[in-house]
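In order, the protein sequences belong to chains G and X. Each residue of the first sequence is one higher than the one before, starting from 5 at the first, in my numbering. Each residue of the second sequence is one higher than the one before, starting from 18 at the first, in my numbering. Structure record follows, encoded as structure tokens.
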Amino acid sequence: MAGSNAQVKEHSVKEPKGLSPRIEWLRDYYFQGAERAWNNEYTAWTTGDPWDEVYDELSFYIVPETYAFMQTFCSSYLQAARKVPLSGNFWDLSLPERRAWFVKEVMTKHLPVEILPGDLIAGGRFNIQASMCLDKKQAKIRKKLVQGKKGSRAEMKWFHDHGYGNAGATSGHLVPGYEDVLKKGWKGVYDDLASRLDALGPENQNSPQANQLKAMMTAATMPRDLAARYASLIRDMEQKEPDPNRKEELARMAANLDHTPWNPPRDFWEAIQALWLTHMLVLSDENYPGPGVSFGRVDQYLLPYWEASMAQGMDREWGKEILKCFWIHANTAYDAMIRTGANGGITAGYGQLITLSGMGPEGTDLTNDLTYVFLEVIDEMSPILEPKPNVRLHANTPEELYDHIIDMIAESQGAPFLLNFDERSMAGMMREAEKAGRQDLINASNVWQYAPVGCLENTMVGNDRSGTVDINLNLLKAVEFSLTGGADLSPYKDTVMGKEYAIDASGIPTGDPTEFTVFEEFFAAFAKQTRHIIKKAMDLYETSESVRAAYHPTPYLSCLVKGCAEKGRDVTQGGAELSFVTIEAVTFATTVDSLLAVKYLVFDEKICTMAELIQALKDNWEGHDILMARAKFKAPKYGRDDDEADEMASKVMDLWTEETWKHKTQSTGRQARPGMLSWNYWVGDGYILHASPDGRPKGQFLSNAICPTNGADINGPTSNANSVGKALGGRKPGKGDFGDYLNSLPNGASHTITFNPSILADPLHKEKFKAYLKGYVQNGGTALQINMLDADMLRDAQKNPADYRHLLVRITGYNAYFTSIGKELQDEVIARLSHEGL
Amino acid sequence: MQGRIFSIQRMSTEDGPGIRTTVFLKGCSLSCTWCHNPESISALPQVQWIGSRCIGCRSCVEVCPHNALELTPKGMQIDRGLCEGCGGCVDECPSTAMEMLGEDRTLEDLAAELEKDRAYFESSGGGVTISGGEPALQADFAVSLLRICQEKGLHTALDTCGMVKPAALESILPFATMVLFDVKFADSSLHKQFTGAPNEQILKNLGLIAEYMQGHENPQELWIRTPLIPGATAAKENIVNIGRFLANNLRQAFSRWELCAFNNLCKDKYTRLGKEWDFAEIPLMTQEQVSALESAAKESGVNPEIVFATGATRSGE
Chain G
5 MAGSNAQVKE
15 HSVKEPKGLS
25 PRIEWLRDYY
35 FQGAERAWNN
45 EYTAWTTGDP
55 WDEVYDELSF
65 YIVPETYAFM
75 QTFCSSYLQA
85 ARKVPLSGNF
95 WDLSLPERRA
105 WFVKEVMTKH
115 LPVEILPGDL
125 IAGGRFNIQA
135 SMCLDKKQAK
145 IRKKLVQGKK
155 GSRAEMKWFH
165 DHGYGNAGAT
175 SGHLVPGYED
185 VLKKGWKGVY
195 DDLASRLDAL
205 GPENQNSPQA
215 NQLKAMMTAA
225 TMPRDLAARY
235 ASLIRDMEQK
245 EPDPNRKEEL
255 ARMAANLDHT
265 PWNPPRDFWE
275 AIQALWLTHM
285 LVLSDENYPG
295 PGVSFGRVDQ
305 YLLPYWEASM
315 AQGMDREWGK
325 EILKCFWIHA
335 NTAYDAMIRT
345 GANGGITAGY
355 GQLITLSGMG
365 PEGTDLTNDL
375 TYVFLEVIDE
385 MSPILEPKPN
395 VRLHANTPEE
405 LYDHIIDMIA
415 ESQGAPFLLN
425 FDERSMAGMM
435 REAEKAGRQD
445 LINASNVWQY
455 APVGCLENTM
465 VGNDRSGTVD
475 INLNLLKAVE
485 FSLTGGADLS
495 PYKDTVMGKE
505 YAIDASGIPT
515 GDPTEFTVFE
525 EFFAAFAKQT
535 RHIIKKAMDL
545 YETSESVRAA
555 YHPTPYLSCL
565 VKGCAEKGRD
575 VTQGGAELSF
585 VTIEAVTFAT
595 TVDSLLAVKY
605 LVFDEKICTM
615 AELIQALKDN
625 WEGHDILMAR
635 AKFKAPKYGR
645 DDDEADEMAS
655 KVMDLWTEET
665 WKHKTQSTGR
675 QARPGMLSWN
685 YWVGDGYILH
695 ASPDGRPKGQ
705 FLSNAICPTN
715 GADINGPTSN
725 ANSVGKALGG
735 RKPGKGDFGD
745 YLNSLPNGAS
755 HTITFNPSIL
765 ADPLHKEKFK
775 AYLKGYVQNG
785 GTALQINMLD
795 ADMLRDAQKN
805 PADYRHLLVR
815 ITGYNAYFTS
825 IGKELQDEVI
835 ARLSHEGL
Chain X
18 MQGRIFSIQR
28 MSTEDGPGIR
38 TTVFLKGCSL
48 SCTWCHNPES
58 ISALPQVQWI
68 GSRCIGCRSC
78 VEVCPHNALE
88 LTPKGMQIDR
98 GLCEGCGGCV
108 DECPSTAMEM
118 LGEDRTLEDL
128 AAELEKDRAY
138 FESSGGGVTI
148 SGGEPALQAD
158 FAVSLLRICQ
168 EKGLHTALDT
178 CGMVKPAALE
188 SILPFATMVL
198 FDVKFADSSL
208 HKQFTGAPNE
218 QILKNLGLIA
228 EYMQGHENPQ
238 ELWIRTPLIP
248 GATAAKENIV
258 NIGRFLANNL
268 RQAFSRWELC
278 AFNNLCKDKY
288 TRLGKEWDFA
298 EIPLMTQEQV
308 SALESAAKES
318 GVNPEIVFAT
328 GATRSGE
């Protein structure tokens, strides 16, 4: 668990609190990581055929850290795979039926089942790598499509190596129809599928639709059979249990499983049990430990069960105890590659998101008692990574909720949740409906039901698969091409093999920029190149999307996504009612600032010629210190609430988002939509992309999502938020997408601001911070991560002052830019911060 | 119309109620020995050099028409006798290491910037604060700016040291939703010793404001602020005497008395301006010292509920 421990350490100031001995034991046990006797690491399962494959690399194309191990994973999982005896008619079945049968067989017959001491929820191991269930011919074709010379893997690596970004058909990233399945039980799902199959008529019982429905029916019985298996195990344990209290708990757990998730749960404990089993099997079905498989608005759809149990006399703390067990289960996702360390190269949380509070119909607020229960559990369990909470704020968010979350932020030295802003987010969803002509599914009467997945990516719920991390495109590549007329600025060099390749000209010809006489010509070239790289990204995505659609059905997940049963089509084939794929633009601010710098240096101020600028970039700014400083410090920047600079941000935003709406996947017909997430690419790709006109040398970080570039935000948190809001479209009375609000990014945009702890020093300042968040509702973006300044960051600022020019330190009543005060004073500020907070 | 400002601070949380944008005007009628904004005192533009930003290119040295700059191993030497504040070096500096303190901004330009945080003002009960230096020294500009802000429906605060002509002050008052007023010493000779001017005029002006508030819509509120400066104002006797004065002369006219504890964070500002500062090595006050003065203030006759101590204190010792 090296990876998650490392992340937890960042929040070491905060300690868990108020845990019962049961939860304390489970939590401590969990954090023993690889030392544990029990874990949930991947096990691999094969048909035993020589052509079989178990590791689906497509899901990892968006994780560049894994590229070097891709072949190793493919081979080693297969090598370690255990053989599952096949049923007599296995090879007579269609691919989705085979896969549904195989996953069910593993989960209900082969994978060991256990209950940890004191645990109140059944559902332990779920991380599997299961046979793709391809026949020999299918396996051969797929192999060529993936691993061939022009296969998806080679295309993906080329794309990444040349600084475009990455793309791949990735699992997860949706809110499955959990609310619905709790209401009707898996039996209800099964019956619905059966009647749909029946409705196809006797002559169509072997059509692709029928095969898909049959596969889904098999999958729909998996939770029932697994629950029965756990119930039987628990009854054995109950027999041997000496402690009468625990004995009673075990009896109740077995009874829960007898009833649910096959039947709809009747109380809170049953609901949490049903939710967990249903959820973990999605992770099994996709062979991926929970990337953005999100729970949605848990405080809303679990409320009836909570209220029922409270009415029956359930103790509030007992309800929380059940939830805390659920928390532990969610974290075992990280066990997948527990012995590899660092989450198998994944450096961020998996993002099983829960959403709390938020707007209801007509601008009402939906905060309830369960909202606070969840917040209490988060507070008492933190620091812990999963599930990741996201709190929705809007104009009518109650004061009590604000007070509660602000106290939590103050105590945690940073927010233990992300904030999502409803009005702006919903404006994006409404834009999406309009662009895609899906107002029937997203409209003013239901848009409030949206929920974020993964980190902050907004989607509808239970019917929406929008591929929210599938395509990650560096907009900056279009600036590079504009400077060269369509070629890389310098040759690509393979750092492992040391081989240098010839300069690649994969852009389109846009002319010699040294002959441009006005900035508009440069921008026109940039616009053409932007259209070109968006097409390149979509083309690359098609190479894995088409393979997934043909060879990687997920019939179990398809049961939980509305549209799949109706169409008889798997979710991987675009079966969802809302089936978008998201292009996440990376390097937004670096791109905007680069355009601003070209305009300022070459055209407005004529500080250098275009040729001189290009030479400086080819030289990675070495020997061009003065020009670099001017680019970096004197050219205008996005993120300062400077209307002229922010106008450039709007232009870039309009350009790339409008272009994105023009694309659809060929194999699955999924409409492309825009977003800005950036995950960790802005760090890694900074070593791939060449020096940029904004004064950034190669090797320095790019900008993160919709945030201003590091150090550009010199006018503080209000101006930073205002710039972000403007870039998204701002507000236009009477003409917004939702109310007055405009939003070009339906997916949403990641925004992080670091505050000085003094903003939370006392009740008066907490009120001011609350007011800031309320102002952000009006002026800011879709999602905000709040960080608090700490001593480590200040030490880093001492070492790298250029990256922290915006960093204000405040000692009540006095503000200073940290980097502009002397070393001695800096040390003093750091010392104070380490001890008491400013 | 133009005003000379040296700084604008967005999201200020310390210059009145709520979240504020504070405009600092250049030029002051006092010269307090502890001043936290030494760049505010002179009404003339001044250049300064920020070492951490300098890339050593000497562009500034070469462009200076008066040969006022010299880059030495100890840093930039600015000959203040030769420098005329033309700003050529500031324009030429590629890395913003040379900075101009004192910029003339038009009313329209400034007013547009002040409106940008309206959403935050409204959610916090904040607004615009005009501070300094002494804003009343540019009274016409202050009046025009605050009038525009009020017309836009923004809450306005005047932060004054009080050492101004009554007529200037009176011209501003109708446009200030509230006044932040500094009272440093009760004793006039101490006041003169530490700030360069006696306090009679200041206290008279304070009375004038209190009286003005009786018959006018604005200002609606008056806050008194006293900096706690070790070796100067931070003495029990001074605080008690100020409190007595306030209680006897202002009665209910003011709604907050803030005691602001000293810190030396601004000492680099003095270095950059080439000035010595007596308070450079003075540590933070201890919590006990601040609490003792706070108690004295609360027992001085002023309603104890409106007395607040702010600012960081020393830990440990």
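Even for Gly, the Cβ is constructed at its ideal location relative to N, Cα and C.
Along chain X, in chain order, which residues have C-beta atoms closer than 9 Å to that of residue i?
i	result
L829 of chain G	N281, L282, K284, D285
D645 of chain G	R27, E130, K133, D134
H769 of chain G	T30
Between residue i and chain X, is there a C-beta pair that is closer than 8 Å?
i	result
L30 of chain G	no
Q782 of chain G	yes
H755 of chain G	no
N335 of chain G	no
G348 of chain G	For G348 of chain G, the predicted structure reports a pLDDT of 39, less than 50, and the residue's modelled location is therefore unreliable. A value from the coordinates is still provided. No, G348 of chain G lies away from the interface with chain X (no Cβ there is under 8 Å from its Cβ).
N624 of chain G	no
Y776 of chain G	yes
A716 of chain G	no
S80 of chain G	no
K772 of chain G	yes
T576 of chain G	no
D184 of chain G	no
N372 of chain G	no
Counting only Cβ pairs nearer than 7 Å, list the residues of chain X close to residue i.
i	result
D629 of chain G	I72, C74
P721 of chain G	M28
N726 of chain G	K133
Is there a C-beta anywhere in chain G that falls below 8 Å from the one on residue i?
i	result
K133 of chain X	yes
S141 of chain X	yes
G318 of chain X	no
At 7 Å on the CB atoms, spell out the chain G contacts of residue i, in chain order.
i	result
P111 of chain X	I630, A633, R634, F637, K638
S69 of chain X	P805, T823, S824
Tell me which residue opens and which closes the beta strand (DSSP E) that residue i is part of.
i	result
V107 of chain G	Premise fails: V107 of chain G lies in the alpha helix (DSSP H), 99–109, not in any beta strand (DSSP E).
P393 of chain G	392–397
C612 of chain G	Taken as a continuous stretch (DSSP letters only), C612 of chain G belongs to no beta strand (DSSP E), as it is neither H nor E.
P721 of chain G	Per DSSP, P721 of chain G belongs to no beta strand (DSSP E); it is in the alpha helix (DSSP H), 720–732.
W49 of chain G	47–50
Going by DSSP, what residue range makes up the alpha helix (DSSP H) through residue i?
i	result
N265 of chain X	253–266
H172 of chain X	No alpha helix (DSSP H) holds H172 of chain X; the beta strand (DSSP E) holding it covers 172–177.
W665 of chain G	Taken as a continuous stretch (DSSP letters only), W665 of chain G belongs to no alpha helix (DSSP H), as it is neither H nor E.
I538 of chain G	523–555
I332 of chain G	320–335
Using only alpha-carbon positions, find the residue among the options that is nearest to residue i.
i	options	result
A506 of chain G	G:E438, G:L493, G:P513	G:L493
L124 of chain X	X:G260, X:L42, X:R27, X:L223	X:L42
Y354 of chain G	G:E366, G:M341, G:G362	G:M341
I618 of chain G	G:D646, G:A491, G:C563	G:A491
G567 of chain G	G:L138, G:R200, G:I66	G:R200
C711 of chain G	G:R435, G:W686, G:G703, G:Y691	G:W686
L115 of chain G	G:L706, G:V88, G:G122	G:V88
G2 of chain G	G:N719, G:Y604, G:L582	Since the first residue shown for chain G is 5 and the last is 842, residue 2 of chain G is missing from the structure and cannot be characterised.
Identify the contact partners of residue i in chain X, using a Cβ-Cβ distance below 8 Å as the criterion.
i	result
K161 of chain G	Correct list: empty, because the minimum Cβ distance to chain X is about 38 Å.
N747 of chain G	Within chain X, no residue comes near N747 of chain G; the closest Cβ sits about 16 Å away, beyond 8 Å.
I763 of chain G	T30
* To do: Identify each residue in the region 28–49 of chain X for which the Cβ-Cβ distance to at least one residue of chain G is less than 7 Å, and report them in chain order.
  => Cβ contacts with chain G: M28, T30, E31, G35, I36.
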